[in-house]
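Here's the structure, in structure tokens; my notes come after.
2 protein chains.
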Amino acid sequence: MTGPSITIKDVAALAGVSSATASRVLSGNPATSAESRQKVAAAVAELDFHPNAQARALRSTRTNVIGLLLSDIRNPFFADLAHAAEQAALAEGLVTLLGNANESIPQQDRYLDTFISQRVDGVIAAPQGEGSSSLRAVLERGIPTVFVDRTVDGIDVPSVTTDSDSGIRQAVEHLARQGHERVGYIAGPQTTSTGRDRLKSFSRAAREFGLSADPALTYFGDFQSASGSTGAHHLLGLAQPPTALLAADSPMAVGALATLNRKGLRIGRDMALIAFDDIEWFSLLDPPLTVISHDVEAMGRTAVRLLLEVIDGHKPESVVLPSELIVRASSGTADPSLGRP
Amino acid sequence: MTGPSITIKDVAALAGVSSATASRVLSGNPATSAESRQKVAAAVAELDFHPNAQARALRSTRTNVIGLLLSDIRNPFFADLAHAAEQAALAEGLVTLLGNANESIPQQDRYLDTFISQRVDGVIAAPQGEGSSSLRAVLERGIPTVFVDRTVDGIDVPSVTTDSDSGIRQAVEHLARQGHERVGYIAGPQTTSTGRDRLKSFSRAAREFGLSADPALTYFGDFQSASGSTGAHHLLGLAQPPTALLAADSPMAVGALATLNRKGLRIGRDMALIAFDDIEWFSLLDPPLTVISHDVEAMGRTAVRLLLEVIDGHKPESVVLPSELIVRASSGTADPSLGRP
DNA sequence: AAGTCTTGTGGAATCGATTCCATGGAATCG
DNA sequence: CGATTCCATGGAATCGATTCCACAAGACTT
Chain A
1 MTGPSITIKD
11 VAALAGVSSA
21 TASRVLSGNP
31 ATSAESRQKV
41 AAAVAELDFH
51 PNAQARALRS
61 TRTNVIGLLL
71 SDIRNPFFAD
81 LAHAAEQAAL
91 AEGLVTLLGN
101 ANESIPQQDR
111 YLDTFISQRV
121 DGVIAAPQGE
131 GSSSLRAVLE
141 RGIPTVFVDR
151 TVDGIDVPSV
161 TTDSDSGIRQ
171 AVEHLARQGH
181 ERVGYIAGPQ
191 TTSTGRDRLK
201 SFSRAAREFG
211 LSADPALTYF
221 GDFQSASGST
231 GAHHLLGLAQ
241 PPTALLAADS
251 PMAVGALATL
261 NRKGLRIGRD
271 MALIAFDDIE
281 WFSLLDPPLT
291 VISHDVEAMG
301 RTAVRLLLEV
311 IDGHKPESVV
321 LPSELIVRAS
331 SGTADPSLGR
341 P
Chain B
342 MTGPSITIKD
352 VAALAGVSSA
362 TASRVLSGNP
372 ATSAESRQKV
382 AAAVAELDFH
392 PNAQARALRS
402 TRTNVIGLLL
412 SDIRNPFFAD
422 LAHAAEQAAL
432 AEGLVTLLGN
442 ANESIPQQDR
452 YLDTFISQRV
462 DGVIAAPQGE
472 GSSSLRAVLE
482 RGIPTVFVDR
492 TVDGIDVPSV
502 TTDSDSGIRQ
512 AVEHLARQGH
522 ERVGYIAGPQ
532 TTSTGRDRLK
542 SFSRAAREFG
552 LSADPALTYF
562 GDFQSASGST
572 GAHHLLGLAQ
582 PPTALLAADS
592 PMAVGALATL
602 NRKGLRIGRD
612 MALIAFDDIE
622 WFSLLDPPLT
632 VISHDVEAMG
642 RTAVRLLLEV
652 IDGHKPESVV
662 LPSELIVRAS
672 SGTADPSLGR
682 P
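As you go down the protein sequences, you meet chains A and B in turn.
Numbering follows the numbering used here, in which position 309 of the first sequence is assigned residue number 309; successive positions increment by one, without gaps.
Start counting at 1 in the second sequence, then tack on 341, and there's your number in the numbering used here.
Structural data, given as structure tokens:
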């Protein structure tokens, strides 16, 4: 289809130097004269030379590629995270191989194996499940790795996570102050650290602020929107339904919202709703949604920074970013008619 | 950090065959005996061998990597598209290198150069601008390429696009039937084919259904949400403001929505609003948003299918997917008080 | 029974860069 | 001024797979 592609030898020949010198110029090695730098640059421009990344990586064992493993890019939280990480990586000259695990462990492993084969310089992962064999393989090989958003128990890897506890505690306190006693919680999957931590925080705060500890008030979702719908449906159908709902991530909040709308419940009046994760348009809803917000952009940037430190052979401290409640109109006062439309 | 990594020679030695035979087994070459297949497989498993993708690509000139160039992964439309394409590619054994051009031509070129250096097997791009030099370089090198969502005039590459015309025409007709005469249009950037096509469709339909052709009713945005806000603000401030707004993509519709909310305008009553692109939660708004919908998942899948055909040396026909109006409550009847809150 | 065809195999060349090593000339030193 | 360092350079080895080529041994022809 195309002719034989242009190699560094062609560049070297045109510039009148050896390929060793051409290589040194291209990689910014200081042991080059101004004259050869200039001649090589001219030859590169004339031939529109693009060095073969495979050949370079094979010899130098640096690929300038990082692997980013997320669970679902369609979740706006992960889209923002991917965007932030990818832009931060690009600024450091690294390109990003994206893997969507789709909340599926086999698919996660498939991508991790690919990352190993591609000899990526590092991996940023929002992992799930416990001892994934591929995850262990990544670490055994000494591939620099950081966790983002989520961690895995028993695996000691630097991470950037959110302190969900503070935000959730604020949310529960806020609801309690409004007079809510029965708060339904739509939990994330217990195979993820965020799913487990947020549930623990919720339970602890519920106890602290005197909310009902009825286990029926917790529904286990999977962080995807359909489970938010069915969760809300289930909770509203209880003999003693809650007067407020708290969803552990934004897609499940969207699902819950759909159910509430379908049932004709007025949010903030008939039923309070709070979502974990802020999304631009949550404030545009009528009424605007009360949320637990955290800085996703910082999370992505920080993950790249930590990964670079690990690549440089250091062992950086993990970073925990704060979360905070942003009160909007969806979490109004509990009144006696609540929950009984 | 790690010991010398495991190569195919180690596998071959353990299996008691030559590396040539080991390679044949690994790549599924039929010229192998059952016995060596079995022995190599055992050795691979025992050593947890992951072939070096660089070495393989260098020799075979196949990388099994495709480049996906989008403008902004935070736009839900592109997130859905990325997800669909990535999953379809994975099913074919291809992994995806993601590039976010961020609606910036230099960054688009940066990624295209990276794709060339990485010797990707193919490129799926939602391009912008006209003769990007890097885009020309990609095509000159004969790298299989398909366009998705957008095209570039004068570049003959198979593409998957949406027939915006039918949906926009339906939307304009719908608004005209409701009695609207002045419809504000928040256009996309005219450096993109979708921005241009949709504006043309809108103008043509406006003429056909007798809407005002006042050029002040068109505001040029950039497909990002902030420009939707300022666009709506600008249009509402006209001496003769519109009674309905049509936004050329969903982020701009979200921005317009924010402005309408801030001004206290009731959507569907004080001001009609229609968005191009359907997003899950648009139907959850109060009132639910009327949208022009198209099948993003099919677009992603089709792009991968076309790319595979190009890689196989064929020249597939471009695909145009339909769009259609989905009427919800945000596009109500025009009444005399409209536009004068 | 002798020649032709298959089939599986191993040795060695190859892909395109980087990098080790040796070298020659200029610069610096005592 | 001779010895030593420094610098830029080119030749050749190297990274780890794939693939060309030659070859041996068995399966078929006629």
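A virtual CB, placed ideally from N, CA and C, is assigned to each residue, including glycine.
In this structure, how does DSSP classify residue i when only helix, strand and coil are distinguished?
i	result
E92(A)	coil
D332(A)	First, the residue type needs correcting, since residue 332(A) is Gly and not Asp in the sequence shown. DSSP places G332(A) in coil when its eight states are reduced to three.
N602(B)	helix
E46(A)	helix
G67(A)	strand
G184(A)	strand
L273(A)	strand
G578(B)	coil
L98(A)	strand
H314(A)	coil
G167(A)	helix
V487(B)	strand
A244(A)	strand
R553(B)	It is Ser, not Arg, that sits at residue 553(B) in the sequence shown. In this structure, S553(B) counts as coil in the three-state DSSP scheme.
E471(B)	coil
L626(B)	coil
I349(B)	helix
Hey, how far is the Cα of residue i from the Cα of residue j?
i	j	result
S678(B)	D494(B)	Residue placement at S678(B) is poorly supported in this model, since its pLDDT is 47, which falls under 50; the coordinates still yield a value, given next. When rounded, the distance between both Cα atoms is 43 Å.
L211(A)	S201(A)	13 Å
T486(B)	A442(B)	17 Å
S323(A)	D295(A)	8 Å
L70(A)	V95(A)	16 Å
D555(B)	L579(B)	11 Å
R301(A)	A88(A)	6 Å
M342(B)	V157(A)	Only weak support exists for where M342(B) lies, its pLDDT of 47 falling under 50; the coordinates are left without a value.
D653(B)	A670(B)	47 Å
A34(A)	S458(B)	26 Å
Q379(B)	K350(B)	17 Å
A426(B)	R262(A)	32 Å
D109(A)	A53(A)	25 Å
N370(B)	K315(A)	44 Å
R518(B)	A272(A)	39 Å
M299(A)	D149(A)	8 Å
L355(B)	I347(B)	11 Å
G520(B)	L246(A)	42 Å
L408(A)	F78(A)	Because chain A spans 1 through 341 in this model, residue 408(A) falls outside it and cannot be assessed.
S318(A)	R460(B)	36 Å
S672(B)	S624(B)	13 Å
N349(A)	A45(A)	Nothing can be reported for residue 349(A), as the shown portion of chain A is limited to 1 through 341.
S19(A)	T373(B)	39 Å
Determine the closest residue to residue i out of the options, with distance taken between C-alpha atoms.
i	options	result
A594(B)	D611(B), D619(B) and A580(B)	D619(B)
T492(B)	A467(B), S475(B), R482(B) and Q519(B)	A467(B)
S293(A)	D197(A), D121(A) and T162(A)	T162(A)
A383(B)	S401(B), V358(B) and A396(B)	V358(B)
Y560(B)	I407(B), P583(B), L649(B) and S672(B)	P583(B)
S134(A)	I66(A), L289(A) and F115(A)	F115(A)
L647(B)	A478(B), L540(B), L576(B) and I465(B)	I465(B)
S401(B)	L626(B), R365(B) and T631(B)	R365(B)
D413(B)	R548(B), F564(B) and P530(B)	F564(B)
V138(A)	A187(A), Y111(A), S164(A) and V160(A)	Y111(A)
Q581(B)	A589(B), A557(B) and L601(B)	A557(B)
Comparing the CB of residue i with every heavy atom of the ligand GDP, is any distance shorter than 8 Å?
i	result
A594(B)	Summarising the ligand content, the structure contains no ligands, and the ligand GDP is consequently not present.
Relative to chain A, which residues along the segment 605 to 628 of chain B have a C-beta separation below 7 Å, given in chain order? E621, W622, L625, L626 and D627
Touching by the beta-carbon criterion (3+ pairs, under 8 Å), the segment 96 to 110 of chain A and the segment 149 to 169 of chain A: no
Determine which residues of the segment 425 to 443 of chain B have a Cβ less than 9 Å from any Cβ of chain A, and write them out in chain order. E427, Q428, L431, V436, T437, L438, L439, G440, N441 and N443
Going along the segment 110 to 134 of chain A in order, which residues come within less than 7 Å of chain B, judged by CB to CB distance? D113, T114, I116, S117, Q118 and R119
Would you call the segment 223 to 230 of chain A in contact with the segment 243 to 260 of chain A, where contact means no fewer than 3 C-beta pairs closer than 8 Å? Yes: the two stretches touch, three or more of their Cβ pairs being nearer than 8 Å.
Near-chain A residues of the segment 385 to 400 of chain B - C-beta to any C-beta below 7 Å: So the close ones are D389, H391, P392, N393, A394, Q395, A396, A398 and L399.
Taking beta-carbon pairs under 8 Å, can you tell me which members of the segment 203 to 237 of chain A lie near chain B? Answer set for the segment 203 to 237 of chain A: S225.
Interface residues of the segment 236 to 257 of chain A facing chain B [CB-CB below 7 Å]: For the segment 236 to 257 of chain A, the residues whose beta carbon sits under 7 Å from a beta carbon of chain B are, in order, V254 and L257.
The segment 638 to 667 of chain B: positions lying closer than 7 Å to chain A by Cβ: Listed by position, the residues of the segment 638 to 667 of chain B near chain A (Cβ gap below 7 Å) amount to none.
Chain B contacts from the segment 18 to 43 of chain A (Cβ-Cβ distance under 8 Å): Cβ contacts with chain B: none found.
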